[in-house]
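S.K.:
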Amino acid sequence: MKWLIGSSGRRWVAAVPGLWLLVFFLVPFLVVAKLSLSEAAIARPPYLPLWEWDEDYLTVTLNIGNYRYLIEDTLYLNAFVESLRIASVSALVCLVVGYPMAWFIARARPDRRNLLLTLVILPFWTSFLLRVYAWIGLLKPNGVINNMLMGIGLIDEPIPMLQTDFAVYLGIVYTYLPFLVLPLYANLVKLDNALFEAAEDLGARPWQTFLTVTLPLSLPGMLAGCLLVFIPAVGEFVIPALLGGADTLMIGKVLWTEFFNNRDWPVASAVAMVMLVILVLPIMLLRNAQSAAEREV
Amino acid sequence: MKRSVWVSSAAVLGFAFLYLPIVSLVIYSFNESRLVTVWSRFSTKWYGELFRDPQILQAAWVSLKIATISASLALVLGTLAALVLVRFGRFAGRTLFNGMTTAPLVMPEVITGLSLLLLFVSMELTFGWPAGRGLTTIIIAHTTFCMAYIAVVVQSRLVDMDRSTEEAALDLGATPVRVFFDITLPTIAPALVSGWLLAFTLSLDDLVIASFVSGPGSSTLPMVIFSKVRLGVSPDINALATLMIAVVSVGVLGSLWIMNRRAGARQDN
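Quick mapping for you: the protein sequence lines, in order, are chains R and X.
Residue numbers for the first sequence follow our numbering, beginning at 268 and rising by one.
Residue numbers for the second sequence follow our numbering, beginning at 20 and rising by one.
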């Protein structure tokens with residue numbers, strides 16, 4: 268394969284992005300791993316060095332106390348469990364809301380599909396932060412939704428919606444919905460119409476066709492979409508910070524507080540390491556699901 | 020197959036859900052009252068307020084600079100990464116390379132932000148560079164996660180691309196570098212444009228990563244918005260949001276229209 272610049276040229280082409288990612292994406296994780304084993308200190312930067320070189324002695328001090336702290340203080344465990352729960356429930360809700368949308372677009376007239384897809388992507392192009400902020404105005408006690416419900420006399424006093432877990436679920440489903448619709452659409456649009464016609468000719472009812480033909484064939488797309496929602500949602504910070512209450516525990520928020528408010532960099536690093544370990548499996552699953560969805564033509 | 024009423028109405032509801040908050044932002048940006056959600060009367064005073072707020076203007080300028088530079092850097096790096104993944108076949112380290120290009124897409128932002136900050140701090144301690152945190156460190160951080168998005172966009176275009184023109188040019192004796200600039204680049208140009216725009220918006224929008232790697236004096240627009248929003252809802256943010264939505268909608272719908280016209284022209288030929 269000599270289409271580019273011969274083999275030495277190719278090496279350069281690969282080296283530039285490869286080195287960049289190595290230095291600014293992979294090495295940083297090693298730094299986090301290292302720091303998670305160091306000790307916090309009141310200094311600049313606020314941690315003690317991991318190794319010291321003195322005369323002929325190299326002293327390496329590994330502090331696993333940060334990890335022990337994560338296990339002993341139930342706050343962290345709860346935050347992890349809570350994040351995983353919120354992220355998985357949100358991914359499932361996204362699936363329920365997004366499936367009909369993806370199906371609708373996939374079965375629309377080909378010349379309309381682009382417009383409908385753009386309508387799904389367009390919110391993704393407008394500021395994420397501002398879209399989360401928009402929900403504050405809608406959900407507030409004197410916000411649009413409460414005012415409307417009171418206006419038509421359905422409720423007498425405002426329902427508290429902002430600063431609840433409900434608002435966090437809503438925010439996550441809302442912002443990550445396009446992530447689910449797009450891969451699912453890509454999967455559904457490839458399915459051959461003949462399959463559905465055959466099922467119909469053989470007397471299957473629409474819901475039978477859906478359960479026995481469509482659903483199994485769209486599994487890779489569903490899985491890819493759900494993981495694309497689940498993975499970033501686990502570490503979400505902005506949504507719980509703006510829409511959630513003080514008691515909404517999510518691990519992204521805990522890490523942020525640990526880092527910015529408590530200035531405990533080593534514990535924040537340990538939280539990040541545990542989060543990474545938890546996310547390795549879903550990330551690998553996502554890669555498999557994506558390549559499976561690509562293969563299925 | 021007929022589409023059932025159920026599916027259609029569920030889909031329409033889904034679309035409504037996507038647009039409801041955006042519509043309410045736009046409407047209330049023209050509200051005269053300071054109480055964001057109580058409608059008094061039509062007014063454009065918050066737009067005026069917005070343009071007299073030095074903090075927001077300053078931050079917007081910082082953000083635009085960062086977004087332009089990061090998107091451009093990411094365009095070069097991301098396109099190279101996509102070329103490597105699509106055209107280089109198997110090579111040692113391909114799995115690692117592929118993983119490093121796609122992982123930033125799903126990595127939670129708090130992890131990316133924290134890890135980059137710790138890297139910058141260690142680098143400063145070891146080499147004395149980068150001295151402190153500011154524009155440079157934000158640009159590096161944004162370039163890194165933007166290049167992943169660009170790699171994905173360009174990759175899908177490269178996979179779909181018809182290679183026969185490239186092969187013909189090579190057979191006729193063009194050098195590979197020339198083929199790349201004369202044929203490959205123009206063919207993937209639409210993907211490059213949309214990739215750049217995507218990277219630009221993502222950079223403009225990022226709060227979490229920028230908060231970790233920014234320094235004094237380099238507050239970006241999302242950082243200013245976030246601190247304002249935390250103190251309470253302020254109507255000039257609605258005005259700002261409306262302006263951004265308007266620009267983005269015109270840009271995206273405009274490019275869709277152009278693409279449709281070009282596709283139509285191709286069909287006519």
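Every residue, glycine too, gets a C-beta built ideally from N, C-alpha and C.
#1: Would a C-beta distance cut-off of 8 Å place residue 371 of chain R and residue 35 of chain X closer than the cut-off?
#2: Output yes or no for whether 8 Å exceeds the beta carbon distance between residue 90 of chain X and residue 218 of chain X.
#3: So with Cβ pairs under 8 Å, would you call residue 347 of chain R a contact of chain X?
#4: Going by DSSP in three states, residue 454 of chain R sits in which element: helix, strand or coil?
#5: In its own chain, which residues sit with a C-beta less than 6 Å from the C-beta of residue 473 of chain R, not counting the 5 before and 5 after it?
#6: Quick one: Cα of residue 433 of chain R to Cα of residue 406 of chain R, how far?
#7: Is the separation between the beta-carbon of residue 50 of chain X and that of residue 241 of chain X shorter than 8 Å?
#8: What do you get for residue 112 of chain X, buried or exposed, if any count of 16 or more other CB atoms within 10 angstroms of its CB means buried?
#9: Assign residue 128 of chain X to one of two classes, buried (16 or more other C-beta atoms within 10 Å of its C-beta) or exposed (fewer than that).
#10: Check whether the segment 351-366 of chain R and the segment 500-515 of chain R touch, using three or more Cβ-Cβ pairs below 8 Å as the test.
#11: Using a Cβ-Cβ cutoff of 7 Å, what residues of the segment 81-99 of chain X are near chain R? List them in chain order.
#12: For residue 368 of chain R, count neighbouring C-beta atoms within 10 Å of its own C-beta (all shown protein chains included) and say buried if the count is 16 or more, exposed if not.
#13: Contact criterion: CB-CB distance below 8 Å. Does residue 536 of chain R meet it with respect to chain X?
#14: So, does the CB of residue 509 of chain R fall closer than 8 Å to a CB anywhere in chain C?
#15: Would you report the Cα separation of residue 68 of chain X and residue 262 of chain X, rounded to the nearest angstrom?
#16: Taking 8 Å as the limit between beta carbons, can you name the residues of its chain near residue 267 of chain X, skipping five residues before and five after?
#17: Closer than 8 Å, Cβ to any Cβ of chain X: which residues of the segment 532-557 of chain R, in chain order?
#18: CB residue 94 of chain X to CB residue 177 of chain X, shorter than 8 Å?
#19: Roughly how many whole angstroms lie between the Cα atoms of residue 272 of chain R and residue 327 of chain R?
#20: Would you list, in chain order, the members of the segment 132-164 of chain X that have their beta-carbon closer than 7 Å to a beta-carbon of chain R?
#21: Please specify which runs of the alpha helix (DSSP H), each continuous and at least 4 residues long, are wholly inside the segment 459-527 of chain R, giving them in chain order.
#22: Considering only their Cβ atoms, is the gap separating residue 291 of chain R from residue 159 of chain X smaller than 8 Å?
#23: What residues in the segment 369-382 of chain R have a beta carbon less than 9 Å from any beta carbon of chain X?
#24: If you measure between the beta carbons of residue 447 of chain R and residue 492 of chain R, is that distance less than 8 Å?
#25: Can you give the Cα-Cα distance for residue 179 of chain X and residue 395 of chain R, rounded to whole angstroms?
#26: So what's residue 304 of chain R in DSSP terms, helix, strand or just coil?
#27: Tell me, please, whether the CB atom of residue 433 of chain R is closer than 8 Å to any CB atom in chain X?
#28: Using beta carbons (cut-off 8 Å, strictly below), is residue 284 of chain R in contact with chain X?
#29: Of the residues R:479, R:330, R:469 and R:409, which one's Cα is nearest the Cα of residue 314 of chain R?
#30: Would a C-beta distance cut-off of 8 Å place residue 439 of chain R and residue 506 of chain R closer than the cut-off?
#31: Flag residue 394 of chain R as yes if its beta-carbon sits less than 8 Å from any beta-carbon of chain X, otherwise no.
#32: Would a check of beta-carbon distances place residue 235 of chain X closer than 8 Å to chain R?
#33: Can you tell me the Cβ-Cβ gap for residue 435 of chain R and residue 385 of chain R, rounded? I've got them flagged as a contact below 8 Å.
#34: Please list, in chain order, the residues of the segment 239-251 of chain X that have any C-beta partner in chain R closer than 7 Å.
#35: For a test of the three-state rule: what should DSSP assign to residue 287 of chain R, helix, strand or coil?
#36: Tell me the rounded alpha-carbon separation between residue 546 of chain R and residue 119 of chain X.
M.R.: In brief:
#1: Not in contact: residue 371 of chain R and residue 35 of chain X (Cβ atoms no closer than 8 Å).
#2: yes
#3: No, its Cβ sits nowhere closer than 8 Å to a Cβ of chain X.
#4: helix
#5: none
#6: 10 Å
#7: no
#8: exposed
#9: Looking at its Cβ environment, which holds 16 or more other Cβ atoms inside 10 Å, residue 128 of chain X is buried.
#10: Result yes; three or more Cβ-Cβ pairs closer than 8 Å.
#11: 96 and 99
#12: Per the 10 Å Cβ criterion, buried.
#13: yes
#14: The structure shown contains no chain C; its protein chains are R and X.
#15: Computed Cα separation, rounded: 13 Å.
#16: 220
#17: 532, 535, 536, 539, 542, 543, 546, 550, 553 and 554
#18: no
#19: Only weak support is given to the placement of residue 272 of chain R: the predicted model assigns it a pLDDT of 49, under 50, and the question is left unresolved by the model.
#20: Answer set for the segment 132-164 of chain X: 133, 134, 135, 137, 138, 140, 141, 159 and 163.
#21: Fully enclosed alpha helix (DSSP H) runs of no fewer than 4 residues occupy 460-468, 473-476, 486-501, 505-510 and 518-523 of the segment 459-527 of chain R, in order along the chain.
#22: Yes, Cβ-Cβ distance for residue 159 of chain X and residue 291 of chain R is below 8 Å.
#23: 369, 370, 371, 372, 374, 375, 378, 381 and 382
#24: yes
#25: 30 Å
#26: Assigned with DSSP and collapsed to three states, residue 304 of chain R falls in coil, not helix or strand.
#27: Judged by the 8 Å Cβ criterion, residue 433 of chain R is not in contact with chain X.
#28: yes
#29: The closest CA to that of residue 314 of chain R, considering only R:479, R:330, R:469 and R:409, is found on R:330.
#30: yes
#31: yes
#32: no
#33: With 8 Å as the limit, residue 435 of chain R and residue 385 of chain R do not qualify as a contact, their Cβ atoms being about 28 Å apart.
#34: 241, 244, 245 and 248
#35: helix
#36: 15 Å
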